[in-house]
Amino acid sequence: MKKIFYLFLILSFQAKSQNTDESMEIEDHSISAQLYTKCYENLNQGAEIIEQNPKWKDSKPCSLLYCMMLLGLEDKEAQQIGKDRLIGITTQLYREGNPVILIMGMESSLEAERRNENLDDDDHIVYISYGECTNPAFLSEGAEIVNKQTRTLIFQNK
Numbered sequence: 096m097k098k099i100f101y102l103f104l105i106l107s108f109q110a111k112s113q114n115t116d117e118s119m120e121i122e123d124h125s126i127s128a129q130l131y132t133k134c135y136e137n138l139n140q141g142a143e144i145i146e147q148n149p150k151w152k153d154s155k156p157c158s159l160l161y162c163m164m165l166l167g168l169e170d171k172e173a174q175q176i177g178k179d180r181l182i183g184i185t186t187q188l189y190r191e192g193n194p195v196i197l198i199m200g201m202e203s204s205l206e207a208e209r210r211n212e213n214l215d216d217d218d219h220i221v222y223i224s225y226g227e228c229t230n231p232a233f234l235s236e237g238a239e240i241v242n243k244q245t246r247t248l249i250f251q252n253k
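If you want our numbering, it's the 1-based position in the sequence shown plus 95.
Structure follows, in structure tokens:
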């Protein structure tokens with residue numbers, strides 16, 4: 096009974112602390128945040144695997160962010176779906192006139208914000224910060240896939 100009381104006490108403090116003004120999240124409505132998290136419903140890369148496999152039933156791997164996370168899984172099928180969909184999303188963004196380059200590093204979010212001030216410049220590239228100083232390797236791998244596809248499309252269409 097003592098354990099239950101202590102558990103209840105700890106949970107009530109945690110719930111109380113989550114309601115303080117200090118823990119309020121700041122929403123990012125920038126173009127880079129929107130493109131990074133936007134769900135692209137019309138992707139067909141890996142659709143047959145997703146439809147046939149029950150473990151994907153409630154999943155929606157349809158954003159750059161989600162597909163980059165798939166690269167961190169041990170499941171090779173999931174990694175391949177992530178890679179294929181990253182290329183598909185990047186291609187779609189390019190065709191929509193929103194080519195993206197993913198950047199990371201110290202103050203990369205500020206750098207992305209600065210570079211995105213004028214999206215009517217020659218390249219129309221939207222810079223997206225996916226992390227500051229250190230990131231897991233799978234995020235860097237995802238960024239390489241996206242950046243390579245964007246650069247390939249830009250080069251092909253010059």
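Note that CB positions come from ideal geometry on N, CA and C, so glycine has one too.
Between the segment 160-170 and the segment 227-234 there are three or more inter-stretch CB-CB distances shorter than 8 Å, so the stretches are counted as touching.
Here Asp216 is exposed: its Cβ has fewer than 16 other Cβ atoms, across all protein chains shown, within 10 Å. Rounded to whole angstroms, the Cβ separation of Val195 and Leu205 is 17 Å, and the two are not in contact under 8 Å. Distance between Ser224 and Ala142, taken at the CA atoms: about 28 Å. Annotated three-state conformation of Ser154 is coil, per DSSP. Here DSSP, grouped into helix, strand and coil, assigns Tyr161 to helix. In the DSSP secondary-structure assignment, Met199 is bridged to Gly226.
When the alpha-carbon of Leu197 is set against those of Cys157, Pro156, Ser154 and Leu181, the nearest one is in Leu181. In the DSSP assignment, Leu234 falls within the alpha helix (DSSP H) that extends over Ala232 to Gln251. Non-local beta-carbon contacts of Leu130 in its own chain, meaning distances under 8 Å to residues more than five positions away in sequence, involve Leu159, Leu188, Asn193, Val195, Val221 and Ile223 in chain order.
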